[in-house]
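Inspection log for the structure reproduced underneath, given as structure tokens.
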Amino acid sequence: MTRERALILVALFAILGAVAWSVRPNEVTAEGRVDRITSELRCVTCQGLSVKDSLAPSARQMRDIVAQRVAEGRTDEEIRAEFRASYGDWVFLSPSATSWAGLMWLVPLVAFAAGLAVALARIRSAAPSVAAPPAHEVAALRERVAREEALDLPQTDGAE
Amino acid sequence: MPRWLRYSIVAGIAALVVVLMLAFRYDPRDIRTGTVGKSAAQFTAEKLDGTGQLSLSDYAGKIVVLNFWASWCPPCKVENPALIRVWERYRTSDVVLIGIVFNDSTDKAREYVRTNGVTWPTVQDGDGRIAFAYGVHQPPETYFIGRDGIIAGRHIGEITEQVLVNGIEQLRAQAAR
Amino acid sequence: MNLSFADIGAGALRAALPLAIWGIGAAAYAAAKRDGRALASARWAALITFLLVALAALAMVGALVTHDFSIVYVARNNALETPLFFTVISLWAALEGSILLWTTILAGATAYVAWRGTLALPRLATTALAVLFAMCAFFLVLVTTPAADPFIRGEIVPPNGNGPNPLLQNHPLMALHPPLLYLGYVLFSVPFAYAIASLILGEGGDRWLVATRRYALVSWGLLGVGIVAGSWWSYAVLGWGGYWAWDPVENAAIMPWLVATAYLHSVMVEEKRRLLRSWNLSLVIATFALTILGTFLTRSGIVNSVHAFSLSAIGPLLLGYLVAIVVLSVGLLLWRMPMLRDSGSVGAPLSREAVFLFQNVVFVAATLTVLLGTLYPLIAEALGGAQLSIGRPYFDRVEVPLALALLFLMGIGPQLPWHGASRATLERQFTAPIVAAAGGALLAVATELGGAFAVLTYALAAFVAATVVQEFARGVRARRALHGESAGTAFANLLRRNGRRYGGYVVHLGIVLVAVAVATSQSKTIEAEQTVTRGQTFEVAGYTVAFNGLRDVAEPQRDLIVADLTITRGGSEQQLHPAILFFPNATQAVGSPGIAAGPGDDVYTILAAYDTAAHSWATIRVLVIPLVSWLWLGGAVVGLGAVIAALPQPKRREVAHPLIEAPATVGD
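Each protein sequence line maps, in turn, to chains P, C and Z.
Numbering of the first sequence is given in my numbering, commencing with residue 347 and proceeding in unit increments.
Numbering of the second sequence is given in my numbering, commencing with residue 12 and proceeding in unit increments.
Numbering of the third sequence is given in my numbering, commencing with residue 1077 and proceeding in unit increments.
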């Protein structure tokens, strides 16, 4: 194994370890629960801010309601149900995964996958290649190109 | 680009345009709330004039019109004369008009009552629980509760005498059947 | 004859409209018949149109400064007490004025293309000029009809106006943010016009692309800096402690920017390898269409947002314009598609062009997500009557993975050669950056940055930074070897002579700063709220906040209640003054944060509530936001990189060689 490959492997392991370390479950405080729930609720007197971010009196009152329910030991779902009973689904800032609107969570994935498929198809549809030049020639050419690109040798520019 | 992708992009753009055209039908400020058609939440609150408490249950069996207002709300001032006239018309009948203060100090609310001639019972909703229970967004909002205690309708924004009377008469006709 | 500003302005606009319409015909005729006189006529029409529209804009400024309340726009957006600075910039404070500004910039761009562009590529530029005239005509129709006419007179002249929206007279950034945005939006009309011209004329080549490369780069840069400026305004003025809320207006600005970024990169693939022709045309059309869609969304009144413009007839007109543009351009593109076949293909998956392709996919996916997320509530209501919201929790969760993918591609793209690379080359090139990435990840852990995404952001940011440093080092080394320059001179020459490439690297560094700022501020902000009386203190994240009292301040256009705070940490001390502002004509008060900005933490203080009766207590909310200043710095670096990339290259000394002819002039 070359030195480079070894370094790369060690580095990748370190990154994986760091990510694993960061996702270890934190203990959830009551304050944290309130923050999490209120960040998903829409402030009804504002233009799209969450209850957590908003300073409007109505938002602060809603935060108090959530805090009280959390202290009473209610589950997230019960608190959400209470808000839904008063304001309807409009008060939630993201669609719930189990509703029709929940399909929105798939949009980026589908868009990315579809685009990737098209891109890969384009890459695969390569014209039949001419016999490749020997490796050392290619390497020498690459070095030269790299050097020339770093300098100001004429590049093929069109008219401005 | 594959043909299916080309056509689906064109179809997508066409669909987008249709949606945008349809969107003109709706007023973005007309946001529905979750409590219409459900049982009106019970509450007990301090009356603004200091004469004790008022509960929704005091008016069970009557037609109740709840009006959420605030002293900092200009449309509330604009709709006030309509409320005064309607109250004069119905105060001796089985209809009750109750004003509920929304996010305002008691002093400012009392001042508003005095200067604008509010003659119907008004209560302070200090912690906003009543507004929350009814799903109020912004003042002024008016809720119509039938004799059966179900919220029959909700009006957003300043209300006119016509809408008030229509709402009340509809509820009276309903109950008489 | 007593001419008022309104007369001058309205008259100028109404004179410009027929000129613009004339210009369409003159330019089209000049292009079709290669008629020099028609071209001259079109040129003068363009210049005079611009001068007339600019005159109208100046007339509006004059009307604002002289407080001419007979004009409805002035009465709504200006008051006698408004300070001069905010009076002048209320030219773009509301709908009609902002459309007037847009029209001015568009007319300016049209005039510039008419006089400079047509010199280089006569036929292409003249056709593009016809397209630009058509756009000018549309916007002139807007400003001369009740849809967006800024000079409409009111029936009564009020003694005093309403004054600008309270949010718009708080911060000098209002002078910068809208003009930058509009410059970015409008300048993109030029690449679009050239693209359409190229399609109309049936040119299969790249000339339209090369001719408008600098326009695209400049408008991208201005739009990007304008977005960051808006973000800064949101942070400093709106008082909620955040800088991006995925509000529809914010989304309207970022969508064209994302697609424009994809375009700037895939343009390089077309230049180097003559590929992706139809794709690039689609990207230009999409970028321009998104600018119009964004304008439509924020001005039509169908979406509620922070920037709610008043409802007017402009909505259906803008929608019609958008439909016309999309139908025309997509139609042209489909018609000319057979001519736009690529010669060759991308080939290797591990090549720079492939990476650019993947990067385009990610940008388009990100844009589609923002578009659908912004429109979904509209769609749901239009189709089924359901009312729901899609806000920050959705967008944050969904865009972060895509952003990370972009960071990754940003690191590997510049390092991969065109046509492909071997495994050995890759290993050699990427060892140092991957080790740097590990360093970034470990730094994230060491500073207790929570969350996998934040750790990955640090790792990828370090990765990209290392690749940029590597590229600069390589370039400097090569110059030193071949020209014997010192390191400093070599570095400067890299930027000067190879501005596109190295300016691009500077932009990437700016994005790295932004990514680190976002990851750190999102995951490590500490918040605390306390109700205090005079003299009381409380602690937040190592800072001691002392409340010194409330005081009333009266200014000509507003009243304030100000909380005086002293923030101490270690030895240093700072005075902050969060306030609540009361404007005479606004129903609700506006909060104004007190911010102690710094290269490390920002201490962000908000006066959340206070004792209205006796001023004895106040509720102070404090946020300690780390590294948010790097966001503004990153934006500035991105702008700097764009400038470096856009600057013309210094002329190389021509060495005359007896056997080589002088280069042929660029004819038509």
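Cβ atoms here follow ideal geometry from the backbone N, Cα and C, with glycine treated the same way.
Which residues in chain C have a C-beta closer than 9 Å to the C-beta of residue i? List them in chain order.
| i | result |
| --- | --- |
| Gly1377(Z) | Phe35, Asp38 and Pro39 |
| Ser404(P) | Phe113, Asn114, Gly139, Ala142, Phe143, Val147, His148 and Gln149 |
Going by C-alpha distance, which of the options is nearest residue i?
| i | options | result |
| --- | --- | --- |
| Thr1642(Z) | Gln1650(Z), Leu1636(Z) and Thr1221(Z) | Gln1650(Z) |
| Asp410(P) | Gly139(C), Val112(C), Ala34(C) and Leu27(C) | Gly139(C) |
| Ala1635(Z) | Thr1644(Z), Ala1617(Z) and Val1666(Z) | A small fix is needed here, since residue 1635(Z) is Asp in this sequence, not Ala. Closest option to Asp1635(Z), Cα to Cα, is Val1666(Z). |
| Ala1761(Z) | Ile1682(Z), Ile1330(Z) and Phe1161(Z) | Not covered by the structure: residue 1761(Z). The range shown for chain Z is 1077 to 1744. |
| Trp1708(Z) | Val1588(Z), Ala1639(Z) and Ala1185(Z) | Val1588(Z) |
| Leu1115(Z) | Ala1206(Z), Leu1127(Z), Ala1537(Z) and Asp1628(Z) | Ala1206(Z) |
| Tyr1270(Z) | Thr1194(Z), Arg1110(Z) and Val1552(Z) | Thr1194(Z) |
| Ser19(C) | Ala460(P), Ala465(P), Glu495(P) and Ala486(P) | Ala460(P) |
| Val1286(Z) | Trp1316(Z), His1341(Z) and Met1331(Z) | His1341(Z) |
| Leu16(C) | Val374(P), Ala463(P), Ala417(P) and Arg490(P) | Ala463(P) |
| Val491(P) | Val1403(Z), Leu1699(Z), Ser1692(Z) and His1495(Z) | His1495(Z) |
| Ala1655(Z) | Ala1639(Z), Leu1480(Z), His1143(Z) and Asn1661(Z) | Ala1639(Z) |
Quick one: which chain Z residues come within Cβ less than 8 Å of residue i?
| i | result |
| --- | --- |
| Arg43(C) | Gln1463 |
| Ile24(C) | Val1402 and Val1406 |
| Val453(P) | Leu1444, Thr1445, Leu1448, Gly1449 and Val1474 |
Residue j and residue i - do their beta-carbons sit closer together than 8 Å?
| i | j | result |
| --- | --- | --- |
| Arg125(C) | Ile74(C) | no |
| Val1345(Z) | Phe1432(Z) | yes |
| Asp1418(Z) | Glu1347(Z) | no |
| Trp131(C) | Ile109(C) | yes |
| Arg1468(Z) | Leu449(P) | no |
| Ala1133(Z) | Leu1177(Z) | yes |
| Pro1675(Z) | Ser1705(Z) | yes |
| Ala1338(Z) | Val1266(Z) | no |
| Val365(P) | Ala1528(Z) | yes |
| Val1474(Z) | Pro441(P) | no |
| Phe1539(Z) | Pro1509(Z) | yes |
| Ala34(C) | Leu1454(Z) | yes |
| Val134(C) | Val107(C) | no |
| Leu1298(Z) | Leu1256(Z) | yes |
| Leu1492(Z) | Ser1421(Z) | no |
| Leu1357(Z) | Leu1275(Z) | yes |
In chain Z, which residues lie less than 7 Å from residue i when you measure between Cβ atoms?
| i | result |
| --- | --- |
| Gly434(P) | Gln1463 |
Quick one: does residue i have its CB under 8 Å from some CB of chain Z?
| i | result |
| --- | --- |
| Thr348(P) | yes |
| Pro371(P) | no |
| Trp131(C) | no |
| Glu386(P) | yes |
For chain C, is any of its Cβ atoms less than 8 Å away from the one on residue i?
| i | result |
| --- | --- |
| Thr1688(Z) | yes |
| Val1301(Z) | no |
| Ala431(P) | yes |
| Pro1660(Z) | no |
| Val1345(Z) | no |
| Gly1391(Z) | yes |
For chain P, check one thing: does any of its Cβ atoms lie closer than 8 Å to the Cβ of residue i?
| i | result |
| --- | --- |
| Leu16(C) | yes |
| Val1713(Z) | no |
| Leu153(C) | Checking the sequence, you will find Thr at residue 153(C) rather than Leu. No, Thr153(C) lies away from the interface with chain P (no Cβ there is under 8 Å from its Cβ). |
| Val21(C) | no |
| Thr117(C) | no |
Give me the chain Z residues within the contact set of residue i, using Cβ-Cβ distance strictly less than 9 Å, ordered along the chain.
| i | result |
| --- | --- |
| Thr354(P) | Reading off the sequence, residue 354(P) comes out as Ile, not Thr. Within chain Z, the residues near Ile354(P) are Glu1503, Phe1506, Thr1507, Ile1510 and Val1511. |
| Asp410(P) | None at all; the shortest Cβ gap to chain Z is about 12 Å. |
List, in order along the chain, the chain P residues whose C-beta lies closer than 7 Å to that of residue i?
| i | result |
| --- | --- |
| Tyr1188(Z) | Residues of chain P passing the Cβ test: none, with the nearest at roughly 14 Å. |
Along chain P, which residues have their Cβ under 9 Å away from the Cβ of residue i?
| i | result |
| --- | --- |
| Thr55(C) | Correct list: empty, because the minimum Cβ distance to chain P is about 17 Å. |
Quick one: which chain C residues come within Cβ less than 8 Å of residue i?
| i | result |
| --- | --- |
| Thr391(P) | His148 and Gln149 |
| Gln1598(Z) | What Gln1598(Z) touches in chain C: nothing, since even the nearest Cβ is about 29 Å away. |
| Ile1455(Z) | Val30 |
| Ala1458(Z) | Val30, Leu33, Ala34, Arg36 and Tyr37 |
Whose Cβ in chain P lies nearer than 8 Å to the Cβ of residue i?
| i | result |
| --- | --- |
| Ile1488(Z) | Per Cβ cutoff of 8 Å: no residues; Ile1488(Z) is ~13 Å from chain P at best. |
| Asp1323(Z) | Gln393 and Gly394 |
Near-chain C residues of the region 1586-1614 of chain Z (beta-carbon distance less than 8 Å), N- to C-terminal order: Listed by position, the residues of the region 1586-1614 of chain Z near chain C (Cβ gap below 8 Å) amount to none.
Where the region 1234-1252 of chain Z meets chain C: residues whose CB sits under 8 Å from a CB there: Within the region 1234-1252 of chain Z, no residue places its CB atom closer than 8 Å to a CB of chain C.
Near-chain Z residues of the region 63-97 of chain C (beta-carbon distance less than 7 Å), N- to C-terminal order: For the region 63-97 of chain C, which is checked against every Cβ of chain Z, the residues closer than 7 Å are Trp83, Cys84 and Pro85.
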